[in-house]
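Chemist:
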Amino acid sequence: MFPTLRCIVRFYAEGFRSMTALGRTLWIVVLVKLFVMFAVLKLFFFPDFLAGKSDGERAAYVLEELTDGGA
Amino acid sequence: MDYLQTVDWSRAQFAMTAVYHWFFVPLTLGLSVLAAIMETLYYRTGDVFWRRTTRFWMRLFGINFAIGVATGLILEFEFGTNWSNYSHFVGDIFGAPLAIEGIMAFFLESTFIAVMFFGWDKVSRGAHLAATWLTAVGANLSALWILVANAWMQYPVGCRFNLQTVRNEMTSFWEVALSPVAVNKFFHAVASSFVLAALFVVGVSAWYLLRRREERMARGSIAIASFFGAVFAVVTAVTGDRSGAVVARVQPMKLAAMEALYDGEAGASLTVVGLLRRDRADDDGPFRFRIGIPKLLSWMSFRDAESYVPGIRDLVAGNAERGILSAEEMMARGRKAVAELGRYRAAREAGDRAAMAAVERKFDPAAPEGEEFLREYFAYFGYGYLESPAQTVPNVPLLFYSFRVMVGAGVFFIVLLAAVWWLNRRGTLASARWLLRLCVWMIPVAYLASQAGWAVAEAGRQPWAVQNLMPVGVAASKIPSASVGTTFFLFLALFTVLLAVEISILLRQIRLGPDGAEIPEPEKL
Ligand code: HEM
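Right, here's the structure in full:
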C-alpha cells in the first residue's frame with residue numbers, strides 16, 4: 519500500500535493539512551482532554567498509591583492491609 | 291468512619307466514570323460496523339450514494355470516537371489511586387488483558403482510523419474498505435479484553451493466589467478468557483452495542499424522514515440498520531438469557547436480587563412487571579403488585595422448569611436441604627482463610643521459615659492439604675472481612691428495576707426494529723410519522739437500557755470487588771475521603787463538558803446533513 523516511509527509521512531501530513539473545521543475542532547477536544555487527563559488529573563490528583571515501593575514492599579503493605587483487623 | 295466514606299466516595303467515583311465512559315463506547319462499537327457494511331455496499335456497487343452515506347455515518351462515528359477516546363483510562367487512574375489493594379491483589383490477571391487492549395487500541399487508532407478518515411481517494415477502494423473493517427473489528431476486539439477482566443472479577447477462575455507476592459496469578463489464560471461469564475459478557479455487551487448503534491442510525495434517519503430531508507439516504511440507512519439491529523436484538527436476547535443462566539450458577543445472590551426473590555422456590559416464576567414494597571420483604575411478600583410467568587425463572591436459570599432457585603433468605607441463612615451454606619458459615623470459613631494469611635505474615639516477619647512453609651502448603655493446589663483448604667476455606671476468603679450476613683445482599687430495588695428496564699427495552703427493540711425494517715421495505719415507513727417519532731425517542735432509551743445492563747452486572751455483585759474473594763471495603767485505598775470527593779467533582783465536570791460537547795457537535799452535524807451544508811431552520815418535530 520505504502521512502499522516507503524516518506525509516503526506514510528506525506529499521507530499523514532496531507533491528511534492533517536486538508537482537515538475540515540470539524541476535524542480541527544475534534545483534534546482540539548482530544549488534545550485538551552489528554553492534557554487535562556495526564557498533565558492535571560494524573561499528575562496532581564491520581565498518584566499511584568503504592569508508588570515508590572519495591573515489589574516486596576508492595577506485597578508486604580497489601581499483606582498488612584489484608585490481615586490487619588480482618589479476621 | 292472516614293475510611294467508610296472513602297470507600298463510598300471511591301465507589302461513587304468509579305460508578306460515575308464508568309457510566310460516562312459507557313456513553314461513548316457502545317456507539318463506537320456498533321457504528322464502526324454499520325459504516326463498514328455501508329462502505330462494503332459502495333465497494334460492491336460502485337454507487338456514490340453509498341460512499342456519501344458511509345461518509346456521513348463515519349463522520350458521526352469520528353465525533354463520538356474522538357470525544358470518548360481515552361476516557362476509559364480514567365478508570366485505570368482510579369485503580370492505581372483509589373483501589374490500590376485491589377490492583378495489587380488482581381495485578382497479573384488484570385494487567386495482561388489491559389496491556390493487550392492498550393497495544394491494540396494504539397495500533398488501531400494510529401493506523402486504521404487514520405486511513406479511514408484521511409484515505410478517501412488516496413488509497414485504493416479495497417484498501418480503504420479493509421481499513422474500515424479493521425477499525426470495526428479492532429474496536430470490538432479491544433472491548434473484549436476489558437470485558438474479560440470484568441468477567442474475571444465476577445467469576446475469578448484460571449488463577450492461583452501467590453502468598454509471596456500477595457497477588458493472584460494467571461494459571462490459564464484460556465480459562466480466564468473463555469470462562470462462561472467472559473464469553474457471554476462479550477457477546478451480550480457487543481450485540482447490545484450493535485443494537486444501540488442501529489437504533490441511533492434508525493433514529494437519526496427517522497428524524498430526516500420527519501423533515502422530508504435526505505430521504506434516500508435515510509431509507510437506505512434504515513434498511514441496513516433496522517435489519518442489522520433486529521438480528522442483533524435477537525442475539526442480545528439470546529446472549530442475555532445465557533448470561534442469566536450463568537449468573538444463576540456463579541452469582542446466585544445477584545439473580546435472587548434481580549428477581550427480588552426472597553424465598554427460594556422450585557418451579558419459580560419470572561416476574562414480568564412488579565412494584566416492590568418500600569419496607570422490603572415483610573409477611574405480605576416483597577411485592578405490592580406483580581405479574582409473573584410460571585416456572586420461567588427456574589427454566590431460564592437451570593433449563594429445568596421444576597428446578598429450585600434459591601432466594602435471598604436461603605443464601606443469607608443457608609438451606610441445608612439444598613446444600614446452600616449460610617453467610618455466617620461462609621464468613622467463619624473466610625475468617626479462617628484470613629487468619630492463615632495472618633499466620634503467614636507473622637511467620638514472615640519473624641523469619642520463621644518452617645511456619646511459612648506450613649502455610650504455603652495450604653495455599654498450594656498441588657499439595658493434598660492445599661486442595662482442601664483452597665476449596666473449603668480460601669474460596670470464601672472475602673467473607674472473612676464482612677461484619678454481618680446482611681452485607682451479602684446487594685441493592686434489590688436497583689437490580690430489580692434495572693433488569694426490567696433492560697429486558698423490557700430489549701424485547702421491544704426486536705419488535706420495533708423488525709416492524710421498521712418491514713415498513714421501510716414496503717415503502718410505507720415515511721407515512722407512519724408516529725413510528726418515526728418513536729424511533730427518534732428510542733435513541734435515549736437504548737442508552738438507558740445499556741446503562742441499566744451495567745447496573746445489573748455491577749451493582750449486582752456488591753459487596754464484592756472480586757466475587758467472594760475481596761469486598762469493596764478491603765479493595766479500596768486508605769486515602770482521605772475529601773480527596774476522592776474532590777476528584778469526583780472534577781470528573782463530573784470534565785465528563786459533563788465532554789458529553790455536552792459531543793451532543794452539541796453531533797446535533798450540529800446531523801442538522802447540517804451529509805454534505806455539511808447549512809439548511810433553513812427545520813420545522814418542529
Ligand atoms: C432482551 C433481553 C435481555 C436479557 C435477557 C438480558 C440479560 C442480561 C443479564 C442477565 C445481564 C447481567 C450479566 C452479568 O451480570 O454477568 C446483562 C447485562 C448487560 N446487558 Fe442485558 N439483557 C437483555 C437486553 C439488553 C439490551 C437491550 C441491552 C442494551 C441495549 C443490554 C445491555 C446490557 C449490558 C451493557 C450489560 C452489562 C454487560 C454484561 O454483563 O453483559 N441488555 N443483561
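Those protein sequence lines, which keep their order, are chains W and D. FYI, in our numbering the residues of the first sequence are 519 to 589. FYI, in our numbering the residues of the second sequence are 291 to 815. Beta carbons are placed, not taken as given, at the ideal position from N, Cα and C, and that holds for glycine.
Looking at the ligand HEM, does it come within less than 7 Å of W731 of chain D, judged from the CB to the closest heavy atom?
Modeler: For this step, residue 731 of chain D is matched to residue 441 along the second sequence. No, the Cβ of W731 of chain D stays beyond 7 Å of every heavy atom of the ligand HEM.
Chemist: Kindly indicate if chain W contains any beta-carbon less than 8 Å away from that of K652 of chain D.
Modeler: Translated into positions along the second sequence, residue 652 of chain D becomes position 362. Chain W, which has no Cβ nearer than 8 Å to the Cβ of K652 of chain D, makes this no.
Chemist: Using a Cβ cut-off of 8 Å (strictly closer), state whether G588 of chain W contacts chain D.
Modeler: Here residue 588 of chain W corresponds to residue number 70 of the first sequence, with the count starting at 1. Reliability fails at G588 of chain W, whose pLDDT of 43 lies under 50, so the model's placement of it is uncertain and the value that follows must be treated cautiously. G588 of chain W counts as touching chain D.
Chemist: Using the Cα positions of T343 of chain D and L559 of chain W, report the straight-line distance between them to the nearest angstrom.
Modeler: Within the second sequence, the letter at position 53 stands for residue 343 of chain D. Within the first sequence, the letter at position 41 stands for residue 559 of chain W. Approximately 39 Å, taken between the alpha carbons.
Chemist: For V705 of chain D, count neighbouring C-beta atoms within 10 Å of its own C-beta (all shown protein chains included) and say buried if the count is 16 or more, exposed if not.
Modeler: Taking the second sequence and counting its residues from 1, one reaches residue 705 of chain D at position 415. That one is exposed.
Chemist: Does A577 of chain W get closer than 8 Å to chain D when you measure Cβ to Cβ?
Modeler: On the first sequence, position 59 is the one that residue 577 of chain W refers to. So yes, A577 of chain W belongs to the interface.
Chemist: Might you give, ordered along the chain, the residues of its own chain that have their beta carbon closer than 7 Å to the beta carbon of S462 of chain D, omitting 5 neighbours on each side?
Modeler: Counting from one through the second sequence, the residue named residue 462 of chain D turns up at place 172. Here the set comprises G448.
Chemist: Does T522 of chain W have its Cβ less than 8 Å from a Cβ in chain D?
Modeler: Within the first sequence, residue 522 of chain W is the residue found at index 4, counting from 1. Chain D, which has no Cβ nearer than 8 Å to the Cβ of T522 of chain W, makes this no.
Chemist: Measuring CA to CA, which of D:S300, D:G428, D:L388 and D:A325 is closest to S374 of chain D?
Modeler: Here residue 374 of chain D refers to the residue found at position 84 when the second sequence is read from its first residue. It is D:S300 whose Cα lies nearest to the Cα of S374 of chain D.
Chemist: Is there at least one Cβ from chain W nearer than 8 Å to K544 of chain D's Cβ?
Modeler: In the second sequence, residue 544 of chain D corresponds to position 254, counting from 1. No, because no Cβ of chain W sits closer than 8 Å to the Cβ of K544 of chain D.
Chemist: Using DSSP's beta-bridge definition, name the partner residues of E459 of chain D.
Modeler: Taking the second sequence and counting its residues from 1, the one referred to as residue 459 of chain D is at position 169. D:R450.
Chemist: If you draw a straight line from the C-alpha of W410 of chain D to the C-alpha of T371 of chain D, how long is it?
Modeler: Residue mapping note: residue 410 of chain D aligns to position 120 of the second sequence, counting from 1. Residue mapping note: residue 371 of chain D aligns to position 81 of the second sequence, counting from 1. Near 43 Å, if we compare the C-alpha coordinates of T371 of chain D and W410 of chain D.
Chemist: Helix, strand or coil for G575 of chain D, going by three-state DSSP, please let me know.
Modeler: Here the question's residue 575 of chain D lines up with position 285 in the second sequence. Strand at G575 of chain D.
Chemist: Please classify M291 of chain D: is it buried, with 16 or more other beta-carbons within 10 angstroms of its beta-carbon, or exposed?
Modeler: Looking up residue 291 of chain D in the second sequence gives position 1. Note on M291 of chain D: pLDDT 45, under 50, position unreliable in the model; no value is reported.
Chemist: For K814 of chain D, decide whether its Cβ has a neighbour in chain W, counting only Cβ atoms nearer than 8 Å.
Modeler: The residue labelled residue 814 of chain D in the question sits at position 524 within the second sequence. The predicted position of K814 of chain D is uncertain, since its pLDDT is 35 and thus under 50; no value can be drawn from it.
Chemist: Quick one: using the 10 Å Cβ neighbour count with 16 as the cut-off for buried, is A627 of chain D buried or exposed?
Modeler: In the second sequence, residue 627 of chain D corresponds to position 337, counting from 1. By the 10 Å Cβ count, A627 of chain D comes out buried.
Chemist: For the beta strand (DSSP E) containing T538 of chain W, name the first residue and the last one.
Modeler: Taking the first sequence and counting its residues from 1, the one referred to as residue 538 of chain W is at position 20. Premise fails: T538 of chain W is in no beta strand (DSSP E) and is neither H nor E.
Chemist: Going by CA-CA distance only, name the one from D:F339, D:A558, D:L551 and D:V466 that's closest to I602 of chain D.
Modeler: Taking the first residue of the second sequence as 1, we reach residue 602 of chain D at position 312. Of the candidates D:F339, D:A558, D:L551 and D:V466, the one whose C-alpha sits nearest the C-alpha of I602 of chain D is D:L551.
Chemist: Would you say the beta carbon of F304 of chain D comes nearer than 7 Å to a heavy atom of the ligand HEM?
Modeler: One-based indexing of the second sequence puts residue 304 of chain D at position 14. No, Cβ of F304 of chain D sits at least 7 Å from all heavy atoms of the ligand HEM.
Chemist: In chain order, which alpha helix (DSSP H) runs of at least 4 residues are fully inside the stretch 456-534 of chain D?
Modeler: Entirely contained in the stretch 456-534 of chain D, the alpha helix (DSSP H) runs reaching 4 residues are, in chain order, 463-467 and 470-500.
Chemist: Indicate the three-state DSSP secondary structure (helix, strand or coil) for T718 of chain D in the structure shown.
Modeler: As a working note, residue 718 of chain D is residue 428 in the second sequence. The answer is coil: DSSP assigns T718 of chain D none of H, G, I, E or B.
Chemist: Give a yes or no on whether 8 Å exceeds the smallest Cβ distance from I809 of chain D to chain W.
Modeler: As a first step, residue 809 of chain D is located in the second sequence; it is residue number 519 there, counting from the start. Its pLDDT being 43, under 50, I809 of chain D is placed unreliably by the model, and nothing is read from it.
Chemist: Counting only the same chain and skipping the five closest in sequence on each side, list residues whose C-beta sits under 8 Å from that of A535 of chain D.
Modeler: Within the second sequence, the letter at position 245 stands for residue 535 of chain D. Counting only Cβ-Cβ distances below 8 Å, and skipping sequence neighbours, we find M590, S591, F592 and R593.
Chemist: What does V548 of chain W reach in chain D if we use C-beta pairs closer than 9 Å?
Modeler: Along the first sequence, read from residue 1 onward, the residue named residue 548 of chain W stands at position 30. Within chain D, the residues near V548 of chain W are A356, I357, V359 and A360.
Chemist: Closer than 7 Å by C-beta to D805 of chain D: which residues in its own chain qualify, once you throw out the five before and the five after it? Chain order, please.
Modeler: The sequence position of residue 805 of chain D within the second sequence is 515, counting from 1. If we look at D805 of chain D and ignore the five residues flanking it on each side, it has no Cβ neighbours.
Chemist: I want to see whether chain D comes within less than 8 Å of V527 of chain W, judged by CB atoms only; does it?
Modeler: Within the first sequence, residue 527 of chain W is the residue found at index 9, counting from 1. No - not a single Cβ of chain D is within 8 Å of the one on V527 of chain W.
Chemist: So, with DSSP's three-state summary, where would you put A645 of chain D?
Modeler: On the second sequence, position 355 is the one that residue 645 of chain D refers to. Looking at A645 of chain D - three-state DSSP - the assignment turns out to be helix.
Chemist: Can at least three beta-carbon pairs, one atom from the stretch 742-761 of chain D and one from the stretch 688-696 of chain D, be found at a separation below 8 Å?
Modeler: Short answer: they touch.
Chemist: According to DSSP, is A558 of chain D helix, strand or coil?
Modeler: As a position in the second sequence, residue 558 of chain D is number 268, starting the count at 1. Correct three-state label for A558 of chain D: coil.
Chemist: According to DSSP, P761 of chain D sits in a beta bridge with which residue or residues?
Modeler: Translated into positions along the second sequence, residue 761 of chain D becomes position 471. According to DSSP, which records beta bridges pairwise, P761 of chain D is partnered with D:W754.
Chemist: Taking the C-alpha atoms as reference points, what is the distance between G775 of chain D and R612 of chain D?
Modeler: Position 485 of the second sequence, counted from the first residue, corresponds to residue 775 of chain D. Position 322 of the second sequence, counted from the first residue, corresponds to residue 612 of chain D. If you take the alpha carbons of G775 of chain D and R612 of chain D, they lie about 44 Å apart.
Chemist: Just the C-alpha distance for V540 of chain D and I581 of chain D, rounded to the nearest angstrom, thanks.
Modeler: The residue given as residue 540 of chain D occupies position 250 in the second sequence. The residue given as residue 581 of chain D occupies position 291 in the second sequence. So the alpha carbons of these two residues sit roughly 27 Å apart.
Chemist: Does chain W have any CB closer than 8 Å to the CB of L365 of chain D?
Modeler: Numbered from 1 along the second sequence, position 75 holds the residue referred to as residue 365 of chain D. Closer than 8 Å: no.
Chemist: Which class does G336 of chain D belong to by DSSP, given the choice of helix, strand or coil?
Modeler: Within the second sequence, numbered from 1, the residue matching residue 336 of chain D stands at position 46. Coil at G336 of chain D, not helix or strand.
Chemist: How big is the Cα-Cα spacing for F653 of chain D and P470 of chain D?
Modeler: The residue given as residue 653 of chain D occupies position 363 in the second sequence. The residue given as residue 470 of chain D occupies position 180 in the second sequence. Between F653 of chain D and P470 of chain D, the C-alpha separation is close to 25 Å.
Chemist: If you count every other CB in all the chains shown that lies within 10 Å of the CB of E677 of chain D, and 16 or more means buried, which is it?
Modeler: Here residue 677 of chain D refers to the residue found at position 387 when the second sequence is read from its first residue. With fewer than 16 Cβ atoms within 10 Å of its Cβ, E677 of chain D is classed as exposed.
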